[in-house]
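> Here the first sequence stands for residues 2 to 473, where the numbers follow this note's numbering. Let me give you the structure first, and then I'll get to my questions.
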Amino acid sequence: MREVRIRDTMSGELRSLDPGREVGIYACGPTVYSRVHIGNARPFVIFSLLARFLKSEGYETRLAINVTDINDKIYAAAAEAGVGSATLAAEMTAAYFEDTGRLGLGRPDAEPLASETIDAIVELIATLVEDGHAYESGGDVYFSVRSFDGYGKLSHRPTEEMEQGEDDSGSLKRDRLDFALWKGRKEGEDSSWDSPWGPGRPGWHIECSAMAEAELGELPFAIHGGGSDLVFPHHENEIAQSEAARGRPLAKIWMHNGMIETDAAKMSKSEGNIFQLSEALDRFGPEAVVSYLISGHYRQPLAFGAEQLNEAVARVDRLRNFLRSRDDTGQDLERADRSGTGADGAGTGLAATSVAAGALSEFRDALADDFNTPRAMSIAFDLVRRANQEEVPGAGAALAEMLELVGLGSLAAAGDDDGPPAEALELLGQREAARAERDFARADRIRDRLDELGWEVRDSADGASLVPRPGR
RNA sequence: GGCGCCUUGGCGGAGUGGCUACGCAGCGGCCUGCAAAGCCGUUUACACCGGUUCGACUCCGGUAGGCGCCUCCA
2 MREVRIRDTM SGELRSLDPG REVGIYACGP TVYSRVHIGN ARPFVIFSLL ARFLKSEGYE
62 TRLAINVTDI NDKIYAAAAE AGVGSATLAA EMTAAYFEDT GRLGLGRPDA EPLASETIDA
122 IVELIATLVE DGHAYESGGD VYFSVRSFDG YGKLSHRPTE EMEQGEDDSG SLKRDRLDFA
182 LWKGRKEGED SSWDSPWGPG RPGWHIECSA MAEAELGELP FAIHGGGSDL VFPHHENEIA
242 QSEAARGRPL AKIWMHNGMI ETDAAKMSKS EGNIFQLSEA LDRFGPEAVV SYLISGHYRQ
302 PLAFGAEQLN EAVARVDRLR NFLRSRDDTG QDLERADRSG TGADGAGTGL AATSVAAGAL
362 SEFRDALADD FNTPRAMSIA FDLVRRANQE EVPGAGAALA EMLELVGLGS LAAAGDDDGP
422 PAEALELLGQ REAARAERDF ARADRIRDRL DELGWEVRDS ADGASLVPRP GR
C-alpha cells in the first residue's frame, strides 16, 4: 500500500490519505437538465479512476457521485420543453447513466438522487433551524452565513466581499450573504415535498451535504471533490451547512478538477461551446475519450478540440498495436517475468524482469503523487518504446495492468473480440500465395480488398496477420 | 475591483535547482517487394526584465498576456 497524497484546495497542501480508515469519496455529479458534455465527464472519470487506484492499493474505498435532479434549471428546461420536471429529470438521469456507462469504467459505489434523499435533507435543515444557524422566512428557509465562523475558508475570500445571488427575492433574506436551504413551492413549479415549513423543495447546496453523510457515514470523510467551478459558492455552502449542523469538518481533503476549455474558454452550457459526451464517444470511441481526459493533470485546465481527440485516438492505437504484438498480456506480471527469465541463458532474465516490474511501480508512484495521470502515461509509453526496441519480459503484462488502472484495460483485451472472418483469412492466404510468386500487383489488390472489409495487413517475420483497421 | 491559477518546442502536456518527460504532427533515415506496424535521428522549449546562486526553465521580485471563481455551471 502506497502513501497516496492529494492536493487539498482548502490548505493548498498535499495531504496523505489515512491508510487505516475507509476512504470515503464524494464527488459532485451533474444537475440533470440536459445531456452531459465532455466537461461533466472529467470529474466522473477522475474520481472513478482514483477510487479504482485506491482500491488496487488496498485502501478500503467507497465512492459516491450524486445526481442533482431537483433544481431551478430543471424546472425551467422542463417548462420550455413542455414536459413535467420529474419526467425531464428522469430522462436526463437515464441519459447520464447511459453516456457515462459507455466510458467503460463501471459505476460508482453509490449514486444517490436528491429526490430520494428528501427526508435526510429535511432533517438536516431542521437541525440547523433548531441550532440557530437557519431561519424560516415566508415558506423558505435560509442559512444564516454570519452564524458560521469559518465561512470563506475554502474559497479564501472575505465574507464582506460576497453576495449570494442565487435567490434574488432578496427581501426574504435577513442578510444578503444568506442562501436558501429550502424553497417554498412557487407558481409554475410542478413538484414539491412536504416539510415543517410547508411544501417546497431543497435549495441547491443542501442535497449534497445530506447525501454525502447518508452515503459515507460519520464526518469527516476523506475526500470531497468536484469541478473547480464549484468551490464557490457550492462547496463553501456545503461546508457551512454540514459543519454548523454536525460540529465536525465535512471532508478532510477538498479535491477539484480543472475545466475543459475550448479556445481558451471554459466549456459550459451557458457559454454554448459544449461538446456532448455521447457525441465524443460516437466519434472517437471510449478509450480515446478516457485517454484524452487523463492526458492532463486533473487539476489543470485541459484544452479541447478535434485535434486533441484525434491525438488521443493515435495514442490509443499505439498502445493497442503494442499489446497485439505481445502474448503475455493475459498473464500476471510475476508469471510473465518468470517465463522470461532464462529465455536465453541465465543472468539476463533478472535484470530484464525488473524493467517491467519497475515501470509498473513507477506508474503507481505517479498516481500516488496527486494522481498524476500524464506522468503515469509517460512511463507507460516509455515501456512500450523500450519493449519495441528490445525484449522486455513481462512488458505486455505490466502495460495491461497499468492500463487497467486508468480505465483502458479494454485495449489489452482486444484478443477477446471476434477474429477475422473466414473470408478475410482466405484472402490473406491468397495474398501470401501471390507474394510467394512475387505477383505483387495481385497481392496489393487483395490487400486493398481486405482494407475495404476493414482489415489491415501487417507483415512480420512470423508471417502476415490481420488487425481491425483503425476507425472501422 | 477581490481571491486563486496559468504562460514549456508546430500542437497537446508533465516535470526538475545542474542530467532525453511523454504523446501527436512534420522532416530525414532504417526495416519492407511496396506499405502498415516498429526503430533511429531531427528543427539548441521553457513569456519578458531584474535578483539570489558556482549554476535557474525550476527559487524571489516586477512587467506583459491569459484563464477560473466572485451569477447557474463539472
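Just so it is clear, CB atoms sit at the ideal spot from N, CA and C, and this is done for glycine as well. Because the structure is a prediction, the values reported are computed rather than measured.
Label Q242 either buried or exposed according to how many other C-beta atoms from any shown protein chain fall within 10 Å of its C-beta, with 16 as the threshold for buried.
buried
> Rounded to the nearest angstrom, how far is the Cβ of T88 from that of G30, given a contact under 8 Å?
Actually they do not touch by this definition, with Cβ atoms about 20 Å apart.
> What residue from L454, R103 and S192 has the CA that sits closest to P422's CA?
L454
> What are the residues that DSSP puts in a beta bridge with P20?
Its beta-bridge partners do not exist; DSSP assigns none.
> Please specify which runs of the alpha helix (DSSP H), each continuous and at least 4 residues long, are wholly inside the stretch 112–157, giving them in chain order.
119–131
> Since A369 and E14 should fall inside the 8 Å C-beta cutoff, what is the C-beta to C-beta distance between them, to a whole number of angstroms?
Not a contact, Cβ separation roughly 16 Å.
> Helix, strand or coil for K56? Go by DSSP, reduced to three states.
Three-state DSSP puts K56 in a helix.
> Provide the residue(s) that pair with K267 in DSSP beta bridges, ordered along the chain.
E262
> Using DSSP with H/G/I as helix, E/B as strand and the rest coil, what is G226?
strand
> Report, in whole angstroms, the separation of the C-beta atoms of A425 and A435, which I expect to be a contact under 8 Å.
Actually they do not touch by this definition, with Cβ atoms about 15 Å apart.
> Look up W183 in the DSSP assignment and give the residues it is bridged to.
Answer by DSSP bridge pairing, in chain order: V142 and P203.
> Using 10 angstroms around the beta-carbon of F144, count the other beta-carbons present and answer buried if the total reaches 16, otherwise exposed.
buried
> Count the other C-beta atoms from every protein chain shown that fall within 10 angstroms of the C-beta of S86, then say buried if there are 16 or more, exposed otherwise.
buried
> Can you give me the Cβ contacts of V356 inside the same chain, cut-off strictly under 6 Å, excluding the 5 residues immediately before and after it?
V393
> If the criterion is Cβ atoms closer than 8 Å, does the pair I224 and I254 meet it?
The answer is yes: Cβ separation under 8 Å.
> Quick check: what's the CA-CA separation for A344 versus A462?
Because the pLDDT at A344 is just 37, under 50, the model does not fix this residue reliably, and the point stays unresolved.
> Please identify the residue among Q332, L409, Y299 and E402 whose C-alpha is closest to the C-alpha of D318.
L409
> A26 by DSSP, collapsed to three states: which one?
In the sequence as presented, Ala is not what sits at residue 26; that position holds Ile. In this structure, I26 counts as strand in the three-state DSSP scheme.
> Just to confirm my understanding: we take D9, look at its own chain, exclude 5 residues before and 5 after, and list those with CB closer than 6 Å. What are they?
R16, I254 and W255
> With 16 other CB atoms within 10 Å as the buried threshold, where does N389 fall?
exposed
> Among the candidates L125, R386 and H38, whose CA atom is the shortest distance from the CA of A215?
L125
> Taking the alpha carbon of V291 as the reference point, which residue from N41, P221, D176 and G153 has its own alpha carbon closest?
N41
> Among all the DSSP beta bridges, which residues are the ones paired with S466?
R459
> What residue range does the beta strand (DSSP E) around L282 cover?
First-last for L282: L278 to F285, but that is the alpha helix (DSSP H), not the beta strand (DSSP E).
> Could you pull out every residue in the same chain whose Cβ sits closer than 6 Å to the Cβ of V385, ignoring the five residues on either side in sequence?
F323
> Excluding the 5 residues preceding and the 5 following K174 in the sequence, name in chain order all residues of the same chain whose CB lies nearer than 6 Å to its CB.
Y143
> Please name the residue or residues paired with E370 in a DSSP beta bridge.
Here the sequence assigns Asp to residue 370, which means Glu is not the residue at that position. The partner list for D370 (beta bridge, DSSP) reads R6.
> According to DSSP, is T62 part of a helix, a strand, or is it coil?
strand
> On the criterion of 16 or more Cβ atoms from any shown chain inside 10 Å, does F45 qualify as buried, or is it exposed?
buried
> Please report the straight-line C-alpha distance between T128 and D73, rounded to a whole angstrom.
Approximately 24 Å between the Cα atoms of the pair.
> Is the Cβ-Cβ distance between A211 and I275 less than 8 Å?
By the CB criterion at 8 Å, A211 and I275 fall outside the cutoff.
> Cutting at 6 Å between CB atoms, please list the residues of its own chain near L106, excluding the five before and the five after it.
S49 and G408
> Are the Cβ atoms of T374 and Y299 separated by less than 8 Å?
yes
> If you run the structure through DSSP and keep just helix, strand and coil, what is N330?
The sequence shown places Thr at residue 330, rather than the Asn named in the question. Three-state DSSP puts T330 in coil, outside helix and strand.
> Our contact map puts A79 next to E208 with C-beta atoms below 8 Å; I'd like the distance itself, whole angstroms only.
With 8 Å as the limit, A79 and E208 do not qualify as a contact, their Cβ atoms being about 18 Å apart.
> For the pair the stretch 149–158 and the stretch 235–249, tell me if three or more CB-CB distances fall below 8 Å.
Yes, since at least three Cβ pairs between the stretch 149–158 and the stretch 235–249 fall closer than 8 Å, the two stretches touch.
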